[in-house]
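Visitor:
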Amino acid sequence: MSDTNAPLSAAELHALFDILTHYETYSEFVDLRYPDTPANIGYPFAKKAKDGSLVHVTKPAAPIIQQLLSTFVTEIFALRSLPKSFWSVQVQGLFENLAEANLSESYDKGALGTRKTLCTVFSSILELVARGQLGGVQRQIENTRSLKSNSYNLDSAQSLIKAWNDVVQDLVYGNLIDELFDHAKNVGGNLEEHSPAAEAAVHYIVLHLATVLHQVFVVSSEGPYILKLLDNMNKMLPWMMIKQTLRIGNAATMLNGLTKLLLSKLSIGSVSNWIGVTTDADDGMNLMQRIISMTLSWDCSDFRKTVDQVKKSKNGPTKEQLAAIDEHISLSRDEQDRVRGTSISEGKSIIIAILKSQHQSCSISDAEHTALLDYYSARLSIRDREEISRVMCRSKPDLMTQLFRDLMGAYEPMIREVHSKVPLHETIGDSEAFLGELIETAKGTKSQVATITDFVDLLMRNRSRLYRWLHIIGKECPGPAEEFRTWAHESIREFRRKSAFPRSHSAQGYTYGDINGGYGPESYCKGAAGDMSAALSAMFAALPRETRADVRNQIDAHAAYLEMIHGRSAVHMQNILDCMSARRSSSSLNALEVTGKLRNKISSKTSSGAASPAPVRLGSPENGAEAWEASGPGVFLVRWNDLLDETLVTPATPFGPPRVGKDVKWKTSMGKSGTGAKAKDKKLPKGIVEEFEGLSFDGGAVSEIEAPEVGAVLNAMGKEFWQLLSSRHHEAQSKAAPMTNFI
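Here's what the structure looks like:
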């Protein structure tokens, strides 16, 4: 155990930085459910001063979100020309209206839900960007060899990791951005032809993207439902009409036609408002809003079936109990929070807490409790969709339509230039084809669920579409290409360290440990917390002695946890590469030979001294096949599931402690169509997975290792870390318009 008074080591600073940014980022996303949060984020959002003017706060309530918005998003070419009202009225207004809608909580519904799933994945990815911007990328000493002269093994996880780190070094501290833009313009859009490092880095990126897609659409319990929503919206989009409109030769006519197709409203109310007969009549919805509204209304019909089933069930809940649930749903946010707090603190189900608050009998059986929970969940789901549809499609003023009009206006000059030189209808056709392939890949087949390698194949097949588009834009449209190059330079500069460089060490990138032994303490965490190291060290040193001891113990436990999941991420990447290699060689080897070779590789990894995790099954705990290739790389994947696992959920029985996300990870809300997609009846490829049943190998999407407790760290340093980030807001102010007011 470390000395309490000793300064934090590099590994400890790295772990502390990870803890604080992980929970700060997520808490900022969670706080968006409160209506006053958007106005207090800071630039580009604004709040009304006492004199009625719009001002930007100087101490943002969500400093990480504010930093990412003001640094990267608002500085994108074309978006810089948007009117201030785009951010402070349209975007901010949509966030505020959604918050005022008081959408449901995972705790009440007894399942994690789609919004929770997507919120946590966005948070886990954006926290990586935030850490990179706050701490900076550690610079290695100058490498005398160029990326073009290095060689990498595309079948080795360690080699791909090495290539990625080399590419990041050259992007942040070298000239790789200009080299890639010049290559796309003069040589060809295939960035992999730039150098062996670029080729290996593309493979690294594809593996991680495939892992995210697989986790969202296949492994997650919400995957089939999200896929169904995406499929419905894809079928309703008028792809053919959009492509025909883009074929129009005159740019002004084309833009006018596209605007009318997507944003025009045609209803009696819109006509009467236009001619002045009425001033506030419902003017209907445009095409985009109608697609959203119809998709959500179809969902509501499915949930209403669940509501009707509960109402009509024999020996089910009484009318008074159902009325109590309905009454609770109509209460204010504060009153609902009070009932939820009672449920958590007193160890009773949310249903019992609601019945008690409505002065109803709490003497119900487990069956009646389950029926009431299903009814409550379905009613909340219906209300959520009705409120989202109201905010997005029927609000007054129509913020959504104006938002799209502003976007099209901002990009009009670029569209005009591109339209004259690039066949945009072919680009839309490529997008349509990719989306269709993505949906079909995620659906799998009748007998087999989609695997990560299926998504890898999808991305590798379609990358040529992107490369071709990059080449045409770079060669034929110098204006947009140079605008994007400038934005890329300004963005990547944010990841450079401002503090003194660390002592020199190997220029070959991070010294990753052996794949069997994991990572050593002086590998991935050599750079500690980067530019934040001094501030975090001072924060820790200022803690009382007794507090420092508890905080340090949790930091050390988290450092060991990070070391383990970094090592496992590399192992998971190697598993996918081995599977892809086996598929390529399956034409010359029979199934037994292939699986025999893979068995030897996996057995050697699990018997090398590292702890062997228990197998996790794919898609649902009932799945009979152990999908050893189902787990992909990425520490963010584990941290994402940490957030899901920690989510509080109402007890399944009338009385008892709250459950957590890991207890209901495979459960969905009652009435969701598209869920429960027979995953347990599907198997992975015969001759490969079936040979591995019985192996003690982590085959699931996420390791079963639980994240250590970090409550003492957050209680002691969480608020001070937020204050530290808020104080950095002055730099963001300088990027705002000179006439912008701040308070």
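For the sequence shown, counting from 1, position 224 maps to 224 in the UniProt record's numbering; every step adds exactly one.
Even for Gly, the Cβ is constructed at its ideal location relative to N, Cα and C.
#1: Report yes if the C-beta distance between SER106 and SER377 is below 8 Å; otherwise report no.
#2: Quick one, which of GLN66, HIS22 and MET400 has its alpha-carbon nearest ASN40's?
#3: Using C-beta distances below 6 Å, list every residue in its chain close to ARG416, excluding the 5 sequence neighbours before and after it, in chain order.
#4: By the three-class DSSP mapping on this structure, what secondary structure does VAL710 have?
#5: Excluding sequence positions up to five away, which residues of its chain have a Cβ less than 7 Å from the Cβ of LYS48?
#6: Consult DSSP for LYS348 and reduce its assignment to one of helix, strand or coil.
#7: Can you give the Cα-Cα distance for LEU13 and SER70, rounded to whole angstroms?
#8: To the nearest angstrom, report how far apart ILE291 and LEU322 are at their CA atoms.
#9: In chain order, what residues of the same chain have a beta carbon less than 6 Å from the beta carbon of ALA300, not counting five sequence neighbours either side?
#10: Are TYR204 and TRP164 closer than 8 Å when you measure CB to CB?
#11: Per DSSP, what kind of secondary structure is ARG461 in: helix, strand or coil?
#12: Nearest CA to the CA of ILE325: which residue from THR653, GLY347, CYS362 and LEU255?
#13: Where does VAL216 sit, in a helix, a strand or coil, going by DSSP?
#14: Expressed to the nearest angstrom, what Euclidean distance is found between the alpha-carbon atoms of LEU305 and HIS214?
#15: Quick check: what's the CA-CA separation for GLN87 versus GLU96?
#16: Would you kindly work out how many angstroms separate the C-alpha atoms of LEU134 and ASP531, rounded to a whole number?
#17: Under 8 Å, with one C-beta from each stretch per pair, do the segment 75-85 and the segment 345-356 reach the 3-pair mark?
#18: Going by DSSP, what residues sit across from ARG496 in a beta bridge?
#19: Kindly list the residues whose CB is nearer than 6 Å to the CB of THR144, restricted to its own chain and excluding five residues on each side of it in sequence; keep chain order.
#20: Taking the C-alpha atoms as reference points, what is the distance between GLU387 and LEU98?
#21: Specify the secondary structure class of HIS183 as computed by DSSP and reduced to three states.
#22: Tell me whether LYS421 sits in a helix, a strand or coil according to DSSP, three-state version.
#23: In angstroms, rounded to a whole number, what distance separates the CA positions of THR342 and LYS667?
#24: Measure from the alpha carbon of GLU179 to the alpha carbon of each residue in LEU262, LEU147 and LEU209, then state which is nearest.
#25: Here's the rule I'm using: 16 or more other beta-carbon atoms within 10 Å means buried, otherwise exposed. How should HIS359 be labelled?
#26: By the DSSP assignment, the alpha helix (DSSP H) with SER297 in it spans what residues?
#27: So if DSSP puts PHE655 in a beta bridge, which residue, or which two residues, is it bridged to?
#28: Tell me whether the beta-carbon of ALA200 lies closer than 8 Å to the beta-carbon of VAL456.
#29: Quick one, which of VAL391, VAL310, ASP302 and ILE576 has its alpha-carbon nearest SER293's?
#30: Does the ligand NAP have even one heavy atom less than 7 Å from the beta-carbon of GLN90?
#31: Could you check whether PRO44 and THR74 sit closer than 8 Å to each other, using their CB atoms as the reference points?
#32: For the putative contact between ALA542 and LEU536, defined by C-beta atoms under 8 Å, what is the C-beta separation to the nearest angstrom?
#33: Taking the straight line between their C-alpha atoms, what separation do you get for SER220 and LEU230?
#34: What three-state label does DSSP hand HIS369 in the structure shown?
#35: With a CB to CB cut of under 6 Å and the five nearest residues on each side skipped, what residues in its chain are close to MET539?
#36: Assign VAL310 to one of two classes, buried (16 or more other C-beta atoms within 10 Å of its C-beta) or exposed (fewer than that).
Guide: Once the coordinates are examined:
#1: Between SER106 and SER377, the C-beta spacing is not below 8 Å.
#2: Nearest option by C-alpha distance: GLN66.
#3: Close CB contacts of ARG416 within its chain, under the 6 Å cut and outside five residues either way in sequence, are with ALA251 (chain order).
#4: VAL710 carries a coil assignment under DSSP once its states are collapsed to helix, strand and coil.
#5: Taking LYS48 as the centre and dropping the five residues before and after it, the same chain places the C-beta of LEU54 closer than 7 Å to its C-beta, in chain order.
#6: DSSP places LYS348 in strand when its eight states are reduced to three.
#7: C-alpha separation (whole angstroms): 27 Å.
#8: Answer to the nearest angstrom: the Cα atoms are 32 Å apart.
#9: The sequence shown places Cys at residue 300, rather than the Ala named in the question. Taken in chain order, the residues that qualify are ILE382 and ARG385.
#10: Between TYR204 and TRP164, the CB-CB gap stays under 8 Å.
#11: The answer is helix: DSSP assigns ARG461 an H, G or I state.
#12: Among THR653, GLY347, CYS362 and LEU255, the Cα nearest to that of ILE325 is on CYS362.
#13: Under the three-state reduction of DSSP output, VAL216 falls in the helix class.
#14: According to the sequence provided, residue 305 is Lys. The question's Leu does not apply to it. Rounded to the nearest angstrom, the two C-alpha atoms are 30 Å apart.
#15: Checking the displayed sequence, the identity of residue 87 turns out to be Trp instead of Gln. Approximately 12 Å, taken between the alpha carbons.
#16: Rounded to whole angstroms, LEU134 to ASP531 spans 7 Å at the Cα level.
#17: Result no; under three Cβ-Cβ pairs closer than 8 Å.
#18: Note: ARG496 sits in a beta bridge opposite VAL137.
#19: Because the pLDDT at THR144 is just 46, under 50, the model does not fix this residue reliably, and the value given afterwards should be weighed accordingly. Around THR144: no qualifying Cβ.
#20: Cα to Cα, GLU387 sits roughly 8 Å from LEU98.
#21: Helix at HIS183.
#22: For LYS421, the secondary structure class from DSSP, reduced to helix, strand or coil, is coil.
#23: Approximately 24 Å, taken between the alpha carbons.
#24: That would be LEU147, whose Cα lies nearest to the Cα of GLU179.
#25: With a 10 Å radius around the Cβ and a threshold of 16 neighbouring Cβ atoms, HIS359 comes out exposed.
#26: From DSSP, the alpha helix (DSSP H) with SER297 extends over 287-312.
#27: According to DSSP, PHE655 bridges with LYS348.
#28: No, these two residues do not count as a Cβ contact at 8 Å.
#29: For SER293, the closest C-alpha among the options VAL391, VAL310, ASP302 and ILE576 is that of VAL391.
#30: This structure lacks the ligand NAP; in fact it carries no ligand of any kind.
#31: Contact flag set, yes.
#32: Not quite, the Cβ-Cβ distance comes to about 11 Å (not below 8 Å), so this is no contact.
#33: The C-alpha of SER220 lies about 15 Å from the C-alpha of LEU230.
#34: Helix.
#35: MET717 and GLU720.
#36: Its Cβ being crowded by 16 or more others within 10 Å, VAL310 is buried.
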